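Protein chains in written order, with our numbering: chain P, 265 to 594; chain Y, 100 to 363.
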């Protein structure tokens with residue numbers, strides 16, 4: 265009994281087994297025909313594609329089992345394109361598998377390292393050329409060149425900085441200011457409390473300052489959902505209750521989890537759902553998270569009335585709206 | 100009788116008796132309950148309409164909603180919900196509910212249009228509420244704007260009813276139903292009354308003309324032909340993903356197997 269492992273010799277490549285087509289000319293002929301048929305199918309596919317584009321009317325529908333009413337042109341374009349590309353591949357593979365030479369060949373990979381003589385030559389050349397250029401003697405040139413090349417290396421920093429402006433406080437602020445009117449989205453009509461019945465919701469945005477435009481970036485932060493409940497339904501602390509008006513409460517629509525628009529309002533349960541990850545917020549308890557991955561309640565917008573009786577923001581949002589970010593303070 | 104009593108201990112005697120009893124009970128009950136429906140409703144004035152409605156209510160609704168529509172432990176009060184709400188709930192067959200599940204489903208209406216109108220008149224007489232919508236009001240074909248309707252739909256409706264109005268899930272088994280094939284009148288009434296989980300969309304925040312635009316958009320979405328044939332429910336990546344992960348990936352697996360197969 266010896267613990268020494270038995271040395272075994274390289275078994276080499278398995279014995280080459282000839283395919284039928286290698287030995288039998290009839291089989292080879294058959295394989296050739298098969299490849300030709302596959303290429304022909306591809307050609308037919310292309311003809312179907314082009315022909316359906318030119319000759320089939322784009323508004324013609326036909327009933328197909330399982331698929332239902334299907335646009336003829338679209339179906340033929342799809343089938344044609346699929347055939348034309350798929351059968352080229354299939355023909356090529358079938359050709360390679362049946363007819364092309366399939367004898368295994370070993371090709372050794374060449375050495376990665378250059379030969380010693382080449383390496384020595386390279387070092388000698390660098391030294392020789394360096395001496396001819398006088399790099400060792402002309403120190404002024406050497407230093408100034410170092411400065412110039414180093415500075416060029418710094419220049420990408422400026423270019424990278426110029427990719428976009430710094431976010432500054434953008435993530436922490438919205439367009440809501442004290443006294444900003446709530447207007448319907450879309451429609452831009454200011455809202456009076458009497459416009460909302462109990463159980464009503466309204467999608468609102470801050471009123472546009474004349475001469476400015478509403479950008480998508482702003483809508484993405486400013487969107488607010490206005491909900492009217494019975495005032496006795498609220499279960500809020502005194503401060504948050506003072507942010508409501510006569511049963512009307514407003515929350516940022518931007519989910520504190522990933523920033524989806526939270527607007528699925530279940531009137532009976534008074535829950536707000538986020539469609540993306542099912543975070544559920546209880547409207548009566550200041551949008552407290554009762555289910556799902558959201559970490560914080562939705563920011564509540566303090567409401568009051570202006571002189572004309574329209575709903576306005578009492579103050580800006582007291583916390584950043586939307587999902588967490590690196591520098592978020594609260 | 101003597102002949103019959105010979106079989107009284109037969110093993111099929113008890114089941115046969117139960118089936119006979121059930122059939123006789125069922126026929127009696129169905130005849131009895133069908134009788135009022137068969138009566139011709141000749142409604143001559145509003146007060147008789149309300150009276151009719153009160154009778155239908157007492158028969159069909161009061162067991163849950165209370166004799167005076169004051170509501171109960173399992174059903175809400177109907178005082179002040181208005182004719183529109185009755186017209187929607189009864190006209191879509193949601194009320195009367197078939198069972199106490201999470202949500203009343205749309206089904207074949209249990210009452211005729213005339214009976215629904217009588218019920219609506221009765222409930223509307225209890226306290227003011229939104230009135231039923233008449234077809235004359237629904238001039239969406241003429242006054243609606245599909246583009247505006249689409250914008251309103253995406254902001255106000257799409258989060259629950261899906262971007263193609265196919266409906267979607269809410270919490271705890273509740274759902275927003277599909278809007279395909281819903282009567283324009285019922286869509287309008289749903290917006291002004293906020294049935295079940297749905298909130299109310301006031302006429303001031305979404306004006307009547309905007310509501311008509313929404314209806315026109317829904318009808319346009321419904322009539323949108325599906326160029327590729329099977330629409331896969333138009334619910335987005337869920338069914339599309341399922342199809343491509345099963346059928347598509349299956350096809351790729353088949354191709355991969357064929358690719359690596361050695362030719363003989």
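Note that CB positions come from ideal geometry on N, CA and C, so glycine has one too.
Model, not experiment: these values are computed from the prediction.
7 Å Cβ cutoff met for residue i and residue j
{"i": "residue 543(P)", "j": "residue 523(P)", "result": "no"}
{"i": "residue 389(Y)", "j": "residue 331(P)", "result": "Because chain Y spans 100 through 363 in this model, residue 389(Y) falls outside it and cannot be assessed."}
{"i": "residue 577(P)", "j": "residue 561(P)", "result": "no"}
{"i": "residue 299(P)", "j": "residue 355(P)", "result": "yes"}
{"i": "residue 435(P)", "j": "residue 514(P)", "result": "no"}
{"i": "residue 148(Y)", "j": "residue 217(Y)", "result": "yes"}
{"i": "residue 362(P)", "j": "residue 304(P)", "result": "no"}
{"i": "residue 466(P)", "j": "residue 500(P)", "result": "no"}
{"i": "residue 511(P)", "j": "residue 493(P)", "result": "yes"}
{"i": "residue 339(Y)", "j": "residue 331(Y)", "result": "yes"}
{"i": "residue 321(Y)", "j": "residue 258(Y)", "result": "no"}
Residue i, DSSP secondary structure in three states
{"i": "residue 385(P)", "result": "helix"}
{"i": "residue 106(Y)", "result": "coil"}
{"i": "residue 150(Y)", "result": "helix"}
{"i": "residue 270(P)", "result": "coil"}
{"i": "residue 111(Y)", "result": "coil"}
{"i": "residue 300(Y)", "result": "coil"}
{"i": "residue 202(Y)", "result": "coil"}
{"i": "residue 138(Y)", "result": "Note that residue 138(Y) has pLDDT 45, beneath the 50 cutoff, so the model's placement of it is unreliable and the number below is only indicative. The answer is coil: DSSP assigns residue 138(Y) none of H, G, I, E or B."}
{"i": "residue 498(P)", "result": "coil"}
{"i": "residue 291(Y)", "result": "helix"}
{"i": "residue 513(P)", "result": "strand"}
{"i": "residue 376(P)", "result": "coil"}
{"i": "residue 391(P)", "result": "helix"}
{"i": "residue 535(P)", "result": "strand"}
{"i": "residue 127(Y)", "result": "helix"}
{"i": "residue 478(P)", "result": "coil"}
Contact with chain Y by residue i, beta-carbon distance below 7 Å
{"i": "residue 332(P)", "result": "yes"}
{"i": "residue 335(P)", "result": "yes"}
{"i": "residue 377(P)", "result": "no"}
{"i": "residue 294(P)", "result": "no"}
{"i": "residue 362(P)", "result": "yes"}
{"i": "residue 300(P)", "result": "no"}
{"i": "residue 574(P)", "result": "no"}
{"i": "residue 466(P)", "result": "yes"}
{"i": "residue 449(P)", "result": "yes"}
{"i": "residue 459(P)", "result": "yes"}
{"i": "residue 551(P)", "result": "no"}
{"i": "residue 530(P)", "result": "yes"}
{"i": "residue 430(P)", "result": "no"}
{"i": "residue 443(P)", "result": "no"}
{"i": "residue 502(P)", "result": "no"}
{"i": "residue 417(P)", "result": "no"}
{"i": "residue 527(P)", "result": "yes"}
{"i": "residue 564(P)", "result": "no"}
{"i": "residue 523(P)", "result": "no"}
{"i": "residue 338(P)", "result": "yes"}
Cβ of residue i within 7 Å of any chain P Cβ
{"i": "residue 93(Y)", "result": "One cannot answer for residue 93(Y) here, as it falls past the ends of chain Y, which runs 100 to 363."}
{"i": "residue 254(Y)", "result": "yes"}
{"i": "residue 296(Y)", "result": "yes"}
{"i": "residue 303(Y)", "result": "yes"}
{"i": "residue 157(Y)", "result": "no"}
{"i": "residue 115(Y)", "result": "no"}
{"i": "residue 299(Y)", "result": "yes"}
{"i": "residue 363(Y)", "result": "yes"}
{"i": "residue 282(Y)", "result": "no"}
{"i": "residue 169(Y)", "result": "no"}
{"i": "residue 250(Y)", "result": "yes"}
{"i": "residue 179(Y)", "result": "no"}
{"i": "residue 278(Y)", "result": "no"}
{"i": "residue 243(Y)", "result": "no"}
{"i": "residue 269(Y)", "result": "yes"}
Given 8 Å, three or more beta-carbon pairs between the segment 443-450 of chain P and the segment 417-432 of chain P: no
Touching by the beta-carbon criterion (3+ pairs, under 8 Å), the segment 303-319 of chain Y and the segment 247-256 of chain Y: yes
By the 8 Å beta-carbon criterion, what residues does the segment 536-548 of chain P contribute toward chain Y? Flagged, chain order: 537, 539, 542 and 544.
By the 9 Å beta-carbon criterion, what residues does the segment 315-347 of chain Y contribute toward chain P? 324, 325, 326, 327, 328, 329 and 330
Interface residues of the segment 272-290 of chain P facing chain Y [CB-CB below 7 Å]: 283 and 284
With a threshold of 8 Å, are at least 3 pairs of Cβ atoms found where one atom belongs to the segment 150-165 of chain Y and the other to the segment 216-234 of chain Y? Yes, the segment 150-165 of chain Y is in contact with the segment 216-234 of chain Y.
So does the segment 220-240 of chain Y actually touch the segment 271-289 of chain Y, counting three or more Cβ pairs closer than 8 Å? yes
Chain Y contacts made by the segment 342-371 of chain P, where a contact means CB separation under 7 Å: 357, 361 and 362
Output needed in chain order: residues of the segment 313-328 of chain P with a Cβ under 7 Å from some Cβ in chain Y. Within the segment 313-328 of chain P, the qualifying residues are 325 and 328.
Give a yes or no on contact between the segment 235-249 of chain Y and the segment 182-189 of chain Y, applying the rule of three or more CB pairs nearer than 8 Å. no
Listed from N- to C-terminal order along the chain, which residues in the segment 206-236 of chain Y have their beta-carbon within a distance smaller than 7 Å of any beta-carbon of chain P? none
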